[in-house]
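Taken in order, the sequence shown gives residues 1 to 67; the numbers are from UniProt numbering. Beta carbons are placed, not taken as given, at the ideal position from N, Cα and C, and that holds for glycine. Note that this is a predicted model, so its numbers are computed, not measured. What follows is a single structure, written as structure tokens, with notes after it.
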Amino acid sequence: MRFYKDDLVMIIHPDYPELQGLGIVTKASEEIKLVWVYLYVDNSERFVHIDFLRHATEDEIRAASKS
Numbered sequence: 001m002r003f004y005k006d007d008l009v010m011i012i013h014p015d016y017p018e019l020q021g022l023g024i025v026t027k028a029s030e031e032i033k034l035v036w037v038y039l040y041v042d043n044s045e046r047f048v049h050i051d052f053l054r055h056a057t058e059d060e061i062r063a064a065s066k067s
């Protein structure tokens with residue numbers, strides 16, 4: 001799966017519960033499988049392996065905008 005700048009993504013990392021939630025891709029690379037993501041839960045920017053990302057659904061985006 002490819003991720004591009006400004007894609008809204010859900011981060012689901014089983015080992016790091018603080019790395020879960022809605023985020024937006026700030027930097028993506030074609031060469032490596034890491035992307036920089038701004039995580040809305042704690043207003044931080046982190047790099048995440050694409051195995052722990054998926055594109056956010058409309059329902060997830062809507063729910064996050066209400067909270």
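Of the residues the options, the one placed nearest residue i, counting alpha carbons only
i, options, result
"R2", "D59, V41 and F52", "F52"
"residue 70", "R46, S29 and Y38", "Residue 70 lies beyond the range of the chain shown here (1 to 67); nothing can be said about it."
"A64", "D42, F47 and I50", "D42"
"R62", "L22, P17 and H49", "L22"
"P17", "L34, L39, T26 and K27", "L39"
"H13", "H49, T57, E58 and D59", "H49"
Heavy atom of the ligand NAD within 7 Å of residue i beta-carbon
i, result
"D15", "For the structure depicted, the ligand NAD is absent and the ligand set is empty, with no information on it obtainable."
Residue span of the alpha helix (DSSP H) that contains residue i, given as start and end
i, result
"E58", "E58 to K66"
Cβ pair residue i, residue j closer than 8 Å
i, j, result
"I32", "Q20", "no"
Whole-angstrom C-beta distance between residue j and residue i, which should lie under 8 Å
i, j, result
"H55", "D7", "6 Å"
Run of the beta strand (DSSP E) containing residue i, from where it starts to where it stops
i, result
"S29", "S29 -> no beta strand (DSSP E), and no H or E assigned at all."
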